[in-house]
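To start, the structure under review is shown below, and the notes come after it.
Protein chains: 2
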Amino acid sequence: MQYVLGLDFGGTKLAAGLIDSSGRLIEFRRCPTDPSAGPAGAISAVQRLVDSFTTRVRPAGVGISFGGPIDQARTRTLLSHHGPGWEEYPLVEHIGRLWPGPVVMENDANAAALGEFCFGAGRGYRNLLYVTVSTGIGGGVIINGELYRGSRGLSGEIGHTIVVPSGPLCPCGKQGCLEAVASGPSIARHYAGRSGLDPTTVTAEEVFQQAERGNPLARETLEWSINLLGIGLANAINLLDPDVVIIGGGVSRAGDRLFAPLRAAVAAAAAPSPPGAVPILPAALGDAVGVLGAAALVLSTSAARQQSAQTGQDPSDP
Amino acid sequence: MQYVLGLDFGGTKLAAGLIDSSGRLIEFRRCPTDPSAGPAGAISAVQRLVDSFTTRVRPAGVGISFGGPIDQARTRTLLSHHGPGWEEYPLVEHIGRLWPGPVVMENDANAAALGEFCFGAGRGYRNLLYVTVSTGIGGGVIINGELYRGSRGLSGEIGHTIVVPSGPLCPCGKQGCLEAVASGPSIARHYAGRSGLDPTTVTAEEVFQQAERGNPLARETLEWSINLLGIGLANAINLLDPDVVIIGGGVSRAGDRLFAPLRAAVAAAAAPSPPGAVPILPAALGDAVGVLGAAALVLSTSAARQQSAQTGQDPSDP
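Chains A and H are the protein sequences, given in the same order.
If you read the first sequence in our numbering, its first letter stands for residue 507, the second for the next number, and so on.
If you read the second sequence in our numbering, its first letter stands for residue 507, the second for the next number, and so on.
Here's what the structure looks like:
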């Protein structure tokens, strides 16, 4: 049996997993990120996570999910929004020194899309849109069974599609981005604004709880945010016509309180496409999506290599 | 030299062209569509166009660009918005009786995208979004050098992405679709509404002319429509990250009066992507885009077949 290591360098959590070639998670460890420790500190922390595994095997390769932009060649990180030191940092090279063998890296949304496609809610589909609704809103696209990165590695940026022209200010500097109206902090901020509360004291989960208790401001906030999230997803469906849309990230943990109104909003906004024709599914991999997606990167690459060796085809062909 | 026939069944015009394998247009004829004549009348009219060609060759195949939805197998038309009789009509079969050999069909936006990719403004790119801004707004997507049809043949429906929630009513029944704010008739209608004119007496070209003459209502209309068109394109860029966006259709004939403000609107709305990084280019094939796109369908299929015969690869692989 072949094993690969999946590493998840997130803004708030670091995680490491040992995954077999069928996508089974053998070991999984997490710890909080210390942003001030920089890349070297993060690598040390991840190494300690792997050292704490009870299974001792030499991984056939390492996949990295990175929570921030990476360079086109996918060897260097460009930026972390959570701490300094990640500019032009050769993370793939440093990880390769710790674990000899192939090392591959993707941004977290692309890795999660591939993880759900290979091992999660997206298994068996061919064209897939993955969207994470969390502190921010990001996305990844699978086309014809392969991760589609776009021409500049910038595909799937659904969080910065504009759904309300001249709408609320987004952290990116534009107005009315999907992220500015439907991310977890945006839901909390809009509820706090309506309620006269300090926005730093409210979470999106509390807004869902208040809405369940009948709080009309919480209900209005969620109706507004979920309707606009539905418009953002419907716009992406009308462009990409995927088999399925998979929603992950912290806000997706609201479950049916999110998914029931979201499916109705998508069906209304995606017309004239057949209503409800594209399933909107919750992600299946939970907190392990990063390490499983990272592992999928390695396994899909090595599977392509093996197929190439057998058939003589270029592994970059599907 | 191999020749193929390109047929364009549009809502207002029918066209036929004879194209050589390098994409050169040898013959081109057009006539108005008579919607009341139905499919049989349209086929007869197209046959007369081909009979009037001065070049007499037996085409190696026929491509069809159809101005309306077609079935997934791309053999039947499902609907024309301009006249009756096109429901479940086996157009490919009927054309195959007139010109024996391979016959392939696509909807007009997909055919135009492929035409511009193979022979027009999109040559040399790999990932491309084509958008036609005309009576309606449609689009076609090229991914990794191939037409991407989506899972249900519904990809590229940028005209029905929503850019103004609760905005103007669209012919599709939704509110705030891109088509409802930036198509030719929408531009004319919004100007007429602002000016107290009968909307049936105004064209988009007249609004551009009025704006050039300094008419403030025409300028406001265009600023509003072009800004929203820029948001629609920027949203698609943020999802698809194409090499290039190509704009065709009647409204694109406005030239720099459209493209200069449109590029600025896209750059503003597509951030945080590098501003101006994705070129927004006018289509190059003009009125012949339908027949050239139809021809490209045949040529790309037969090129794939020839490559397959030579290498033993599946032609569905890129």
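Backbone N, C-alpha and C define an ideal beta-carbon position, used for all residues, glycine too.
Note that the coordinates shown come from a computational prediction; the quantities given were computed from them, not determined experimentally.
- By the criterion of at least three beta-carbon pairs nearer than 8 angstroms, the region 660 to 668 of chain H is not in contact with the region 693 to 710 of chain H.
- Chain order gives no chain H residues near A/T727, where near means a beta carbon separation below 7 angstroms; the closest approach is about 16 angstroms.
- In the structure shown, A/A521 adopts extended strand secondary structure according to DSSP, grouped into three states.
- Rounded to the nearest whole angstrom, the C-alpha separation of H/T518 and A/N733 is 37 angstroms.
- Neighbourhood of A/P748 in chain H, by CB distance below 8 angstroms: G656, S657, in chain order.
- Counting only runs of at least 3 residues, the region 738 to 816 of chain H fully encloses the following beta strand (DSSP E) elements, listed from N- to C-terminal order: 750 to 754, 786 to 788.
- For A/I737, the C-beta contacts it makes with chain H under 9 angstroms involve T667, I668, P671, G682, in order along the chain.
- With 16 or more other Cβ atoms inside 10 Å of its own Cβ, H/Q716 counts as buried.
- Non-local beta-carbon contacts of H/S586 in its own chain, meaning distances under 6 angstroms to residues more than five positions away in sequence, involve G574, W592 in chain order.
- Check the Cα spacing between A/P748 and each of A/L787, A/T807, A/G512: the tightest is with A/L787.
- In summary, A/R695 is buried, with 16 or more beta-carbon neighbours lying within 10 Å of its beta-carbon over all protein chains present.
- An exposed status is given to H/D793, since fewer than 16 other beta-carbon atoms sit within 10 Å of its beta-carbon.
- For the pair H/T581 and H/E599, the CB atoms are nearer than the 8 angstroms cut-off.
- Here H/D614 is buried, its C-beta having at least 16 other C-beta atoms within 10 Å.
- Closer than 9 angstroms at the C-beta level to chain H, one finds these residues of the region 782 to 810 of chain A: A783, V784.
- Bridge pairing for A/G644: A/T638 [DSSP].
- Sequence-distant Cβ neighbours of A/W605 in its own chain, meaning closer than 7 angstroms and more than five residues away, are L511, P565, V568.
- For H/P767, no chain A residue has a Cβ inside 9 angstroms of its Cβ, as the nearest lies near 15 angstroms away.
- At a beta-carbon threshold of 7 angstroms, none of the residues of chain H lie near A/E612; the nearest stands roughly 14 angstroms away.
- Between the region 626 to 638 of chain H and the region 551 to 560 of chain H there are fewer than three C-beta pairs closer than 8 angstroms, too few to call the two in contact.
- If you check the CB distance, H/A777 and A/C678 come in under 8 angstroms.
- Boundaries of the beta strand (DSSP E) harbouring H/Y509: 509 to 515, taken from the DSSP string.
- In this structure, H/V708 lies away from H/T727, with their beta-carbon atoms at least 8 angstroms apart.
- Annotation for A/A800: G512, L513, D514, G569, I570, S571, A617 place their beta carbon closer than 7 angstroms to its own, counting only its chain and skipping 5 residues before and after.
- Residues of chain H with a Cβ closer than 7 angstroms to the Cβ of A/N616 do not exist, since the nearest Cβ in that chain sits about 11 angstroms away.
- Residues of chain H whose Cβ lies closer than 9 angstroms to the Cβ of A/G679 are, in chain order, A777, P778.
- Listed in chain order, the positions of the region 624 to 647 of chain A with a beta carbon within less than 9 angstroms of a beta carbon of chain H are Y631, R632, N633, L635, G645, V647.
- For the 8 angstroms CB-CB criterion, H/T807 and H/P541 do not form a contact.
- With a beta-carbon spacing of about 6 angstroms, H/G621 and H/L791 fall inside the 8 angstroms limit used to define contacts.
- Contact annotation for A/A742 against chain H: L745 [CB-CB distance below 7 angstroms, chain order].
- CA-to-CA, the gap between A/G755 and H/Y636 works out to about 32 angstroms.
- Take H/G659, set aside five residues on each side of it, and the residues of its chain with a beta-carbon closer than 6 angstroms to its own are Q578, in chain order.
- A/T561 and A/E533 have their C-alpha atoms roughly 7 angstroms apart.
- Listed along the chain, the chain H residues whose CB falls inside 8 angstroms of the CB of A/I664 are N744, L745.
- Of the candidates H/P691, H/I601, H/M611, H/P691 places its Cα closest to the Cα of H/V639.
- Residues of the region 536 to 549 of chain H with a C-beta atom less than 8 angstroms from some C-beta of chain A do not occur.
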